[in-house]
Amino acid sequence: MVEVKADEAPPAVSMDKIVELCKRRGFVFQSSEIYGGIGSTWDYGPLGVELKRNIKEAWWQDNVRVREDMVGLDAAILMNPRVWEASGHVESFTDPMVDCRECKQRFRADDVEGNRCPVCGGELTEARRFNLMFNTFMGPVEEEAALVYLRPETAQGIFVNFKNVQIATRKKLPFGIGQIGKAFRNEITPGNFIFRTREFEQMEIEYFVMPGTDEEWYERWIEDRRSWYLKYGIRPENLRLRPHAPEELAHYSKATTDIEYLFPMGWSELEGIANRTDFDIRRHMDYSGENMAYFDEATGESVIPYVIEPSGGVDRSFLAFLVDAYHEEIVRNEKRVVLRLHKALAPVKVAVLPLLRNRPEIVAKAKEIAAELRPVMTTMYDDTASIGRLYRRQDEIGTLWCVTVDVQTIEEDNQVTIRDRDTMEQIRVPVEEVRPLLVERLNA
Ligand code: GAP
125 MVEVKADEAP PAVSMDKIVE LCKRRGFVFQ SSEIYGGIGS TWDYGPLGVE LKRNIKEAWW
185 QDNVRVREDM VGLDAAILMN PRVWEASGHV ESFTDPMVDC RECKQRFRAD DVEGNRCPVC
245 GGELTEARRF NLMFNTFMGP VEEEAALVYL RPETAQGIFV NFKNVQIATR KKLPFGIGQI
305 GKAFRNEITP GNFIFRTREF EQMEIEYFVM PGTDEEWYER WIEDRRSWYL KYGIRPENLR
365 LRPHAPEELA HYSKATTDIE YLFPMGWSEL EGIANRTDFD IRRHMDYSGE NMAYFDEATG
425 ESVIPYVIEP SGGVDRSFLA FLVDAYHEEI VRNEKRVVLR LHKALAPVKV AVLPLLRNRP
485 EIVAKAKEIA AELRPVMTTM YDDTASIGRL YRRQDEIGTL WCVTVDVQTI EEDNQVTIRD
545 RDTMEQIRVP VEEVRPLLVE RLNA
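When we follow this note's numbering, the leftmost residue of the sequence shown carries the number 125, and every step to the right adds one.
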């Protein structure tokens with residue numbers, strides 16, 4: 125067994141290191157990079173797409189599938205523009221901004237002090253409100269086409285379907301609807317890698333409750349959602365709750381608490397939990413003329429439900445899980461970079477490696493084992509370097525186990541070595557036991 129001299133509290137990782145690792149190992153690439161990129165959009169590479177899918181799958185499993193009081197939805201991105209009038213986005217989803225009269229750069233008004241441009245010193249315009257929704261046109265002839273918006277949140281797709289879902293599923297209050305999907309905001313100051321972008325994915329829940337029980341459910345959801353991040357390995361000291369001050373509250377909210385994570389640039393919002401009251405349902409009733417009230421069979425009365433909304437970002441969770449998992453350790457006087465991702469999130473579960481790549485029997489056996497593992501877990505085969513290097517490459521992307529085929533496997537015992545990412549312990553196992561053993565460990 126190898127001696128690990130891991131320092132107990134690894135140094136916080138810089139954003140530059142994360143960005144470099146993401147590009148080099150194929151987690152995240154700049155979008156349209158060969159054309160110089162486009163403002164703050166990112167593409168998820170082969171490892172990134174696996175990690176992202178695993179995060180969404182874990183969220184869906186825990187928040188939708190296993191809960192008796194939850195169902196799912198996948199609403200369209202393009203919606204009737206009246207939705208955004210009713211929701212208040214046309215009127216209120218704005219940031220105040222200023223323009224420099226000299227260099228024409230645009231800033232959020234609250235990011236600059238005084239009336240001078242922070243870049244060139246030129247004079248700034250008065251602050252003007254700038255709507256963050258992206259416009260597009262629906263219909264083949266642009267002049268006659270209808271103005272529609274790319275949704276700035278997935279939530280409204282849930283609100284407008286509240287009655288459809290309730291009637292179709294016969295759910296009784298309290299119950300919730302979960303949705304994962306893309307949202308778009310023309311952010312004035314995107315940045316910090318995938319933290320604030322103009323195209324991103326949300327994981328949102330609208331949880332409908334009886335008026336009067338909303339405050340209790342609000343508290344329960346804050347705790348539930350905090351626990352979810354801890355369950356998947358985020359260290360408790362890197363999470364905190366921040367209730368919003370009254371003047372910060374969004375136009376629909378009675379109370380909001382942010383779950384903040386200690387990102388490389390400091391404490392920032394990972395997810396928000398809001399008590400949206402009956403604002404949205406009432407507004408959609410007013411604007412559409414449809415009755416969306418819930419009929420309570422117990423009392424024989426119609427009620428407008430209150431709504432608790434836990435709203436998280438897939439991309440921000442991705443960044444938080446990566447940052448939290450990143451460790452540098454000294455092992456036998458050498459630096460080891462290891463992503464200690466939770467086993468449910470790790471993009472690759474197992475790598476199969478031949479000890480000698482110039483021995484055809486070893487290579488064939490390793491490929492055979494990899495083929496057997498592939499249908500049950502994400503598996504990688506790699507024979508492009510020496511074994512020490514191959515282990516380091518797998519540690520750096522968070523692969524849970526490395527299975528190594530060596531001379532002994534072929535010539536003596538038909539056994540392979542399984543190395544554990546976290547402890548670096550190695551055990552020898554008969555080839556036929558590899559798959560059942562790893563499946564058992566993965567599901568344990
Ligand atoms: N429906 C409520 C809502 O959208 P929000 O606080 O504006 O609330 C919820 O957004 C979550 O969506 C945030 O906590 C964040 O994780 C993610 N998010 C919001 N804007 C984002 C952006 N520009 N880039 C990446 N993620 C974003």
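Even glycine gets a Cβ: it sits at the ideal position worked out from N, Cα and C.
Between I358 and N187 the beta-carbon gap is near 16 Å, outside 8 Å, which marks them as no contact.
Sequence-distant Cβ neighbours of W352 in its own chain, meaning closer than 7 Å and more than five residues away, are D186. With a beta-carbon spacing of about 10 Å, Y430 and D404 fall beyond the 8 Å limit used to define contacts. Ranked by Cα distance from G150, the options I162, G161, G163, D167 are led by D167. When DSSP states are grouped into helix, strand and coil, H451 belongs to the strand group.
The straight-line gap separating the alpha-carbon atoms of F217 and L145 is approximately 35 Å.
Here the C-alpha atom of N288 lies approximately 19 Å from the C-alpha atom of R189.
The beta carbon of I551 sits closer than 6 Å to the beta carbons of I542 from its chain, once the five residues preceding and following it are set aside; these are given in chain order. Contact between L271 and P170 is ruled out by a C-beta separation of about 38 Å, above the 8 Å threshold. In terms of side-chain proximity, the C-beta atom of T321 is found nearer than 7 Å to a non-hydrogen atom of ligand 1.
Within the same chain, and ignoring the five residues on either side of D448 in sequence, the residues whose Cβ sits closer than 7 Å to its Cβ are G357, I358, R359, N362. If you draw a straight line from the Cα of R460 to the Cα of A470, it comes to about 18 Å. Unbroken beta strand (DSSP E) stretches of 3 residues or longer found wholly inside the segment 157-191: 166-168, given in chain order. Residue state for G281 is assigned as helix, using DSSP reduced to three classes. With a cutoff of 8 Å on beta-carbon distance, R349 and I397 are scored as near each other.
Proximity of the segment 409-427 to the segment 306-314 falls short of the contact definition, fewer than three beta-carbon pairs being nearer than 8 Å. Each residue's CA atom was taken as its position, placing E393 and E268 some 41 Å apart. Under a 10 Å Cβ-count criterion, F387 is classified as buried, with 16 or more other Cβ atoms of the shown protein chains found around its own Cβ. When Cβ pairs closer than 8 Å are counted between the two stretches, the segment 438-456 is seen not to touch the segment 477-488, the count staying below three.
Cβ-Cβ separation between M221 and F258: approximately 16 Å, too far for a contact (criterion under 8 Å). Around the Cβ of M416, a 10 Å sphere holds 16 or more other Cβ atoms; the residue is buried. With respect to E433, R407 sits apart: the two C-beta atoms are not nearer than 8 Å. Remark: the C-beta of G436 is in contact range of ligand 1, defined as less than 7 Å to any heavy atom. Just measuring C-alpha positions, the residue of L561, S138, D530 sitting nearest I486 is D530.
Inclusion of M194 and F332 in the CB contact set at 8 Å is not warranted, their separation being larger than that value. Straight-line measurement puts the Cα of I493 at about 13 Å from the Cα of I534.
Rounded to whole angstroms, the Cβ separation of V472 and T502 is 5 Å, and the two are in contact under 8 Å.
The beta carbon of A449 sits no closer than 7 Å to any heavy atom of ligand 1. Under the DSSP assignment, C526 falls in the beta strand (DSSP E) whose first and last residues are 525-529.
Under the 10 Å beta carbon count, S164 is surrounded by 16 or more other beta carbons and is classified as buried. Assigned with DSSP and collapsed to three states, F445 falls in helix. Residue pairing by DSSP places G315 opposite R320 in a beta bridge. Within a 10 Å sphere around the beta-carbon of M262 sit fewer than 16 other beta-carbons, which makes this residue exposed.
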